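Each residue of the first sequence is one higher than the one before, starting from 27 at the first, in this note's numbering.
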Amino acid sequence: MLDIKFIRDNAETVRQNIRNKYQDAKLPLVDEVIALDAENRAVKQEVEELRATRNRLSKEIGKLMGQGKRDEAEKVKAEVSADGARIDELTAREREVEAALHKKMLLIPNIIDPSVPLGKDDSENVEVERFGEPLVPDFPIPYHTEIMERFHGIDMDAAGRVSGNGFYYLMGDIARLHEAVIAYARDFMIDKGFTFCIPPFMIHGNVVEGVMSQSDMDAMMYKIEGEDLYLIGTSEHSMIGKFIDQIIPEDTLPQTLTSYSPCFRKEKGAHGIEERGVYRIHQFEKQEMIVVCRPEDSMKWYEQMWRWSVELFRSLDIPVRQLECCSGDLADLKVKSCDIEAWSPRQQKYFEVCSCSNLGDAQARRLKMRVKGADGRTYLPHTLNNTVVAPPRMLIAFLENNLQADGSVLIPEVLRPYMGGKEKLQ
RNA sequence: GGAGAAGUAACCAAGAGGCUGAAGGUAUCGGACUUGAAAUCCGACAGGUCGGGCAACCGGCGCGGGGGUUCAAAUCCCCCCUUCUCCGCCA
């Protein structure tokens with residue numbers, strides 16, 4: 027969401043940004059917003075003037091009543107009533123225009139960073155850098171569920187019976203490995219100076235609207251029947267939402283938080299739920315990192331944050347690469363975003379395991395979160411989020427990359443304390 | 001889930017339809033007194049947001065949130081939220 031004043035003064039920049047994102051259907055929105063804004067201000071000017079008069083006269087009535095001059099008071103009353111209908115009419119129009127304006131504003135995408143490569147969809151995302159050798163062993167790597175089954179670590183059939191497609195039971199050492207990865211990731215971020223947090227897993231609709239675009243919401247969020255509550259799709263939602271309507275003292279920035287939560291996603295849209303395995307499912311768990319900072323610091327944090335994801339995966343002996351999102355693949359609120367992809371020796375390609383985003387001030391504006399500076403002025407902070415680790419999916423990378431020729435799975439040193447000292451699964 | 005009570009500024013707290021755009025106090029800041037400090041005295045101290053204006057400034061909204069009644073609402077009515085106490089239920 028952009029500042030209306032920015033749209034007013036930079037209409038062509040906003041239009042070009044829409045073109046850069048291959049969303050030409052949204053181009054008319056710019057002029058519609060500018061027209062609604064003009065009407066909004068005209069209506070406000072008239073109605074506020076009328077209200078000012080009414081306020082002034084009402085005070086006079088009060089004074090006259092106090093002096094016992096009832097007749098004079100009645101005369102003024104009649105005068106005030108005369109404008110009543112017009113005020114009501116304009117007040118109603120003011121609401122309509124504001125609602126329409128807000129609705130359209132929500133659809134206009136955030137201005138992307140100049141460094142973002144232009145492209146129409148995910149096929150045009152750009153590989154920036156690789157970390158670690160993408161090795162292909164000389165023995166076959168089975169499908170990840172097959173590896174898990176060897177350790178009696180997964181029961182998809184039962185999950186299907188109990189919850190349907192898109193759910194899993196993890197069992198035994200595989201379930202333990204899942205928890206070990208989460209615990210390791212949590213401690214990894216605590217060591218980076220982040221504050222650990224367990225947030226609510228359900229949030230109000232206005233918070234959902236504040237943290238994501240309407241289209242993302244439709245494709246992702248589960249609503250609780252009969253309540254104004256949604257299951258979170260990521261703890262980012264409750265962690266950024268934490269600041270709704272808040273004025274944050276500048277000296278508490280940057281806020282660096284790492285949160286654990288299960289994540290619930292409909293996965294409607296382009297991909298849908300995969301037939302087999304735990305790659306794309308309706309429920310998974312995730313350790314997340316979020317940062318709220320001064321605008322001038324957000325790009326520095328962005329660089330830092332994705333590098334931590336790389337560091338974490340490398341510490342588990344998993345080769346990764348950084349893939350930058352092109353303009354067309356960038357969600358509407360984002361200024362810049364990249365994925366960290368892990369190497370799959372089975373498929374001999376990389377697949378997404380982390381997503382790091384700089385949202386600029388878009389979430390802050392929607393949520394009305396502000397920072398109070400030392401000089402007393404308020405401004406909008408920037409918000410960022412990044413996956414630390416999302417285990418069911420990362421377990422795919424983990425199992426494939428640590429599988430040995432004899433069928434055992436090597437446990438990297440950093441995870442052993444969380445696995446009761448085990449060096450391998452066999 | 002049921003019954004009560006309460007939500008006013010950083011904090012405590014008055015106010016119960018109209019000179020309240022919000023008393024008073026604590027804290028904070030500035031000043032006087034003092035060698036300095038304390039104490040005392042004087043002064044400042046209601047935010048946030050939107051609209052207009054180059055600006056000084058003017059105006060709208062605003063007393064948990066949202067509606068309503070009224071010329072006028074912190075004050076009356078309705079709905080909701082939160083907190084506290086008691087009961088019930090429960091990991």
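Glycine is no exception: its CB is placed at the ideal position from the N, C-alpha and C atoms. Since the structure is predicted, the reported quantities are computational estimates derived from the model, not experimental observations.
Using beta-carbon positions only, say whether E153 and L349 come within less than 7 Å of one another. Taking the first sequence and counting its residues from 1, the one referred to as residue 153 is at position 127. Taking the first sequence and counting its residues from 1, the one referred to as residue 349 is at position 323. Their beta carbons are under 7 Å apart, which means E153 touches L349 by this criterion.
Take I44 and list the residues in its own chain whose beta-carbon comes closer than 6 Å to its own, dropping the five residues that flank it on each side. Here residue 44 refers to the residue found at position 18 when the first sequence is read from its first residue. Here the set comprises K52 and L53.
Can you give, in chain order, each stretch of the beta strand (DSSP E) that sits fully within the stretch 195–235 and has at least 3 residues? 221–223
CA-to-CA distance, K95 to G88, given in whole angstroms: For the purposes of this step, residue 88 is taken as the residue at position 62 of the first sequence. For the purposes of this step, residue 95 is taken as the residue at position 69 of the first sequence. The alpha-carbon atoms of G88 and K95 are separated by roughly 10 Å.
Stretch pair the stretch 410–421 + the stretch 331–350: three plus CB contacts closer than 8 Å: yes
Excluding the five sequence neighbours on either side, which residues of its own chain have a C-beta within less than 6 Å of the C-beta of F165, listed in chain order? Here residue 165 refers to the residue found at position 139 when the first sequence is read from its first residue. Closer than 6 Å at the Cβ level, and outside the excluded window around F165, lie A431.
Does the distance from the C-beta atom of L279 to that of C223 stay below 7 Å? Position 253 of the first sequence holds residue 279. Position 197 of the first sequence holds residue 223. Against a cut-off of 7 Å, the Cβ pair of C223 and L279 comes out as no contact.
Candidates S370, E439, V336 and C380: closest to P168 by CA position: Position 142 of the first sequence, counted from the start, is the residue given in the question as residue 168. The residue with the shortest Cα to Cα distance from P168 is S370.
contact_flag[the stretch 406–415, the stretch 380–391] where n(CB pairs < 8 Å) is 3 or more: yes
Confirm, please, whether the CB-CB distance from R347 to Y376 is below 7 Å. Counting from one through the first sequence, the residue named residue 376 turns up at place 350. Counting from one through the first sequence, the residue named residue 347 turns up at place 321. Cβ distance < 7 Å, so Y376 and R347 count as in contact.
As assigned by DSSP and simplified to three states, the class of V237: Against the first sequence, residue 237 aligns to sequence position 211. Three-state result, V237: helix.
Measure from the alpha carbon of A37 to the alpha carbon of each residue in G92, Y48, E120 and M131, then state which is nearest. The residue given as residue 37 occupies position 11 in the first sequence. Looking at the Cα atoms, M131 is the closest of the given residues.
First and last residue of the uninterrupted beta strand (DSSP E) at Y328: Taking the first residue of the first sequence as position 1, residue 328 is located at position 302. Element bounds for Y328: not the beta strand (DSSP E) but the alpha helix (DSSP H), S324 to S341.
From R212 to W334, what distance separates their C-alpha atoms? Locating residue 212 in the first sequence gives position 186, where the first residue counts as 1. Locating residue 334 in the first sequence gives position 308, where the first residue counts as 1. Distance between the alpha carbons of R212 and W334 is about 12 Å.
Would you mind stating whether Y256 and V237 have Cβ atoms separated by less than 7 Å? Residue numbering aside, residue 256 sits at position 230 when the first sequence is read from its first letter. Residue numbering aside, residue 237 sits at position 211 when the first sequence is read from its first letter. Contact flag unset, no.
Where does D358 sit, in a helix, a strand or coil, going by DSSP? Mapped onto the first sequence, residue 358 falls at position 332. Three-state DSSP puts D358 in coil, outside helix and strand.
Rounded C-alpha distance that separates K292 from N81: Residue mapping note: residue 292 aligns to position 266 of the first sequence, counting from 1. Residue mapping note: residue 81 aligns to position 55 of the first sequence, counting from 1. Distance between the alpha carbons of K292 and N81: 52 Å.
Quick test of your reading: G145 and G354, contact by CB under 8 Å. State the CB separation rounded to the nearest angstrom. Along the first sequence, read from residue 1 onward, the residue named residue 145 stands at position 119. Along the first sequence, read from residue 1 onward, the residue named residue 354 stands at position 328. G145 to G354, Cβ: 5 Å. Contact.
So, helix, strand or coil for S383, using DSSP? Looking up residue 383 in the first sequence gives position 357. Three-state DSSP puts S383 in a strand.
Here's the rule: buried if 16 or more other CB atoms are within 10 angstroms of the residue's CB, otherwise exposed. What is P225? The residue given as residue 225 occupies position 199 in the first sequence. Classification of P225: buried, given that the 10 Å Cβ count is 16 or more.
Closest by C-alpha distance to S261, when choosing among E314, T221 and R306: The count along the first sequence starts at 1 and reaches residue 261 at position 235. Among E314, T221 and R306, the Cα nearest to that of S261 is on E314.
What is the rounded straight-line gap between the Cα of D277 and the Cα of M331? Taking the first sequence and counting its residues from 1, the one referred to as residue 277 is at position 251. Taking the first sequence and counting its residues from 1, the one referred to as residue 331 is at position 305. So the two alpha carbons sit approximately 21 Å from each other.
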